[in-house]
Structure formats: structure tokens, C-alpha cells
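Written out below as C-alpha cells is the structure these notes cover.
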Amino acid sequence: MSTLHIEPFSGASGDMLLAALIDAGADVAALNRELAKLGLDGARVDAEVVYRGGLRGVAVTVPVEDDPPHRHWSDIRAMIQGADFAPRVEARALSVFHAIAEAEAFVHGETVDAVHFHEVGALDSIADICGIAIALDLLDVDTLTTDAVHTGGGTVRAAHGVLPVPAPATARLLLTGNAVVAAPHEGEAAAGELLTPTGAAVLTTLARFGRPAFAPTAQGVGFGTKTLPWPNMLRVWVADPVTEASGPAGEALVVLETNLDDMNPQHADLLQERLFSDGALDVWLTPIVMKKGRPAFTVSALCAVADAAPLTATMIENSTTLGVRSYPVDRVAADRRFETVTTRWGDVRLKLKGWNGRVIDVTPEHDDCLRLARSSGSPIREVWNEAHRMGETYVGQRIAGSGDLLVLDITQRPRPIPR
């Protein structure tokens, strides 16, 4: 997993972001194979290395529809959900489009499902947004951060005529409590629109504003189409998070919460199940007392920033709530790896907890122990105890690598199993 840091010093648009991700290493052929799943003629990206103002970067082009249909949010949503994208790609693309739909609905006084996407519903914008989600997945980007964004100034001509910069939907997207708008460059007021609705939606939905410490592994530069007094470019860094001497770096996550006093608590079981299946990292219920002494409970879900929007929808659709609140949190997580031991009853998976490069604890998987206890008729504590004793050989060993691969330091002798 990598992190991506964005430098939108000349604003941000869908094509600039996509071009920078391609320059950072996202494979164009693989990206276009995924875009073809949308079933839209011409939904493809062409990228080329260009030199502007003496600087190297990548520019992308997407075929433009001469008379794009006014697609609704429901049309876009069905198209993405039917494309068989990877779950992370689908979630990111949907969350960006959903943010735009909410902003457009607000500025036009419509419901979200009634919103007509104009420029953002055209083929090039669909390819840009889905392409960005695909490119992030190809680069295995887990978290995104961004510097303060420049918006431009003056006016812009759109489907509704001449509008101030930032345009109304873009301005609404910046009202997230997360966005940071930079002081303008000299001459920026006359530059027109630098931050498009697509750029604003990607930054405010997928990224956290701020520059963390990071160890860069790749860099990409994407050029926009405008000619400006400065290089009209956006730069991204693909990086590994830096581990401080005091411990591992925190991971930016979101907590979603809602209080329920009019829902059968038994129905919360299915709500929890669906939140987990839709990407929640953890879900828990807390008993509370609400107004007039009514017993109630809080449903809380911990999730990645990119999953916040779809999980909010899951919470609203599967409970009686009228609203969901959210707040950012940082999580420091211990290393977790899995190994399997063979007991006299059968195989049991072990969850190994690591810290500072060493295994410090081991826990047998309850479901495996329960299955073997049922099939054998033995008490579950006997299965669990034997698996735990066998697993203690791993304690103190060195962990390296990533994913579910456990690499033990073979220069050390395993500890004997206590009897």
C-alpha cells in the first residue's frame, strides 16, 4: 500500500490529475481495459509525454462528445455499479460523483437523483473520474493527501452562462470543513478557472488536506490545457509513509456515527453485516439514553476516507436514522499476519500480532476452533489451548514482508512449546 500526495499549485482538474497518475506509473493499457467495462463508445484515455515551458510532464486526451446527453446521477451510478470494477475503484468513483451530485443539487435546488450532470456527465469527465479511481488502484494507493488548492479567479463560461470563479458547484464542494484554499498567485485573479468541479470533488472526497512526512518512490506531472504565466501543471508523489522513531505513522480514517431510538435493536445485526461487507474496518454499538429518558444505541463505523460516502448511504438505507455524522481520526495499527498450525483435530489459523518488527502475541481463530470442536465433540477450550501452545513458537520471531506473508528469522531457535 502506498500514499499519494498532491500538489495543486495551479489548481486541479480531472485530466491533470489523471495525467499525473499516469506519469507516476499507472499503465495506460491496463487503465483503458478497465474503462472499457463502462460500455461507452470512446471511453478511453490517450497519454503523451509533452514539454511545456521547458518542463517535462504528461498530457491526456479523452474523446469529447459533440452533444453529450444530460445524464442523471442515477444513470452514472448504474453505469459504474454495472462495470464490474474492483471494489476500491467502484467506491472511489461513486464517492466522487456522489459529492458532485450533492453539490449540484444544492446550488440548483433539486434532489440528488433529479440532478442533470452537464459538463461532468459528459464522456470525458466520466473517463477522467473513473480513470483516476482506476489509476489509484493500479498504483496501489491507499491514502491521499494534498496541499492547499488554488482556485483561480475571474469568470468561467459554463452550460448556465458566465459564472464567477470558483463556479457554484466547485465552491459548494469546498465547504467540507476539510478543504484549504491557498492565497492566490500574482495574476491568478485573471487566470479564470483553475479548480474544476471534478478536481474539487476528488480533492475534498478522497484526500486529506495537509502535507505529512513521506518517503517518495515515484513522481508524476500532469499538464492542463490552459496557457498561463506559470507552468500549468499538477504534481503528485507516490510514497511510503514515514515511520517515526516513536512508532509507526498514523493512518487517516473516518468514524461514522448515528443515534437510534426508534429501531428494533435486532435489526442492527443486518446493519452491522452490511457495513462490514461494504468496507467498514470496524463496527460497534454503544447503549445510550436519549431525550425523555428513551433507551437508544449509537451505531459507529470506522472506515477509510474513500469509503465514507458509500458507507454513509449504507447506514441511512439500512436503519431508521435521518442523518449520519462523521469526524476524522488517526489510527496506529500493530502488524497483523496469519499462519496455520495443525492440531490433533485439524488446521487452525493463527492471528499473529507484531510490534517493532517482532511477533508479540498470537491468537487462534475462534471460528476454526469452533468448527473443530463441533466436528470432534471436544471442548472448544482444548482445541484453542493446543493451537495457542503451538502458536507460541512464533512469539519473539522477526516479521518482515507485507500482506499475509510471514517471514521468520531463521537465525533464532523457536521457543519450546510449554507443557
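So the number in this note's numbering is just where the residue sits in the sequence shown, counting from 1, plus 803. Ideal Cβ placement from N, Cα and C applies to all residues, glycine included. Here the structure is a predicted model, which means the values were calculated and not measured.
Item: DSSP-derived helix/strand/coil call for LYS1029; Value: coil
Item: Sequence-distant residues of the same chain with beta carbon closer than 6 Å to TRP1040, five excluded per side; Value: HIS808, PRO1019, GLN1022
Item: Beta-carbon proximity of LEU838 to VAL848, cut-off 8 Å; Value: yes
Item: Coil, strand or helix - ALA1137 by DSSP; Value: coil
Item: Span of the alpha helix (DSSP H) around HIS988; Value: Careful: HIS988 lies outside any alpha helix (DSSP H) and carries neither H nor E.
Item: MET1118 classed as buried or exposed, judged by whether at least 16 other C-beta atoms fall within 10 angstroms; Value: buried
Item: Complete alpha helix (DSSP H) runs within the region 805 to 860 (minimum length 4 residues, chain order); Value: 817 to 826, 831 to 838
Item: Rounded Cβ spacing between GLY856 and PRO1034 (contact assumed at less than 8 Å); Value: 5 Å
Item: Buried versus exposed, by CB contacts within 10 Å (16 or more), TYR1197; Value: buried
Item: Nonlocal neighbours in the same chain, by C-beta distance under 8 Å from GLY1050, ignoring five residues either side; Value: Bear in mind that the predicted position of GLY1050 carries a pLDDT of just 40, short of 50, making it unreliable; the figure below should be weighed with that in mind. Only VAL1135 meet the Cβ criterion.
Item: Cut-off 8 Å between Cβ atoms - residues of its own chain near LEU1056, not counting five sequence neighbours on either side; Value: LEU1084, LEU1105, CYS1106, ALA1107, VAL1108, PRO1131, VAL1132, ASP1133, ARG1134
Item: Residue burial classification, LEU803 (beta-carbon count within 10 angstroms, cutoff 16); Value: Here the chain covers residues 804 to 1222 and nothing more, so residue 803 does not appear.
Item: Same chain, Cβ closer than 6 Å to THR999, neighbours up to 5 away in sequence not counted; Value: SER816
Item: Per DSSP, the bridge partner or partners of LYS1095; Value: Answer by DSSP bridge pairing: none, since LYS1095 is not bridged.
Item: Nearest neighbour of GLY845, chosen from ASN835, SER813, VAL1162, VAL968 [CA to CA]; Value: ASN835
Item: Continuous beta strand (DSSP E) assignments of at least 3 residues falling wholly in the region 1129 to 1203; Value: 1138 to 1145, 1150 to 1158, 1161 to 1167
Item: Rounded Cβ spacing between CYS1172 and ILE1183 (contact assumed at less than 8 Å); Value: 5 Å
Item: Closest Cα partner of LEU897 within the set ALA1004, GLY860, GLU989; Value: ALA1004
Item: Own chain residues within Cβ distance below 7 Å of VAL968, not counting five before or after; Value: THR954, GLY955, GLY956, GLY957, THR958, VAL959, GLY995, GLU996
Item: C-alpha distance - LYS1156 paired with ALA850, whole-angstrom precision; Value: 44 Å
Item: Runs of beta strand (DSSP E) lying entirely within the region 926 to 974, each at least 3 residues, in chain order; Value: 944 to 949, 958 to 961, 964 to 967
Item: C-beta contact flag for LEU1037 and SER813 at 8 Å; Value: yes
Item: Rounded separation between ALA1190 and VAL899 - CA only; Value: 46 Å
Item: Assigned secondary structure, SER1080 (DSSP; H/G/I helix, E/B strand, else coil); Value: helix
Item: GLU1142 versus TRP1158, LEU858, PRO1167, PRO872, residue with shortest Cα-Cα distance; Value: PRO1167
Item: Beta-carbon contacts of GLY1194 that lie in its chain and below 7 Å, excluding the five residues immediately before and after; Value: VAL1144, LEU1153, VAL1165, PRO1167
Item: Euclidean distance between Cα positions of TRP1148 and PRO1113; Value: 42 Å
Item: Exposure of ALA744, with buried meaning 16 or more beta-carbon neighbours within 10 Å; Value: Any question about residue 744 goes unanswered here, given that the chain covers just 804 to 1222.
Item: Residue burial classification, TRP876 (beta-carbon count within 10 angstroms, cutoff 16); Value: buried
Item: C-alpha distance - ARG1139 paired with GLU991, whole-angstrom precision; Value: 48 Å
Item: CB-CB length for ASP943 against SER805, believed under 8 Å; Value: 6 Å
Item: C-alpha gap between LEU1088 and ASN1121, whole angstroms; Value: 15 Å
Item: Own chain partners of GLN884 with C-beta closer than 8 Å, once the 5 adjacent residues on each side are dropped; Value: GLU893, LEU897
Item: Straight-line Cα distance separating THR949 from GLU1054; Value: 15 Å
Item: Residues of its chain near VAL1297, where Cβ-Cβ distance is below 7 Å and the 5 sequence neighbours each way are ignored; Value: For residue 1297 there is no data in the structure shown, the boundaries of the chain being 804 and 1222.
Item: ILE1091 vs PHE1100 beta-carbon contact at 8 Å; Value: yes
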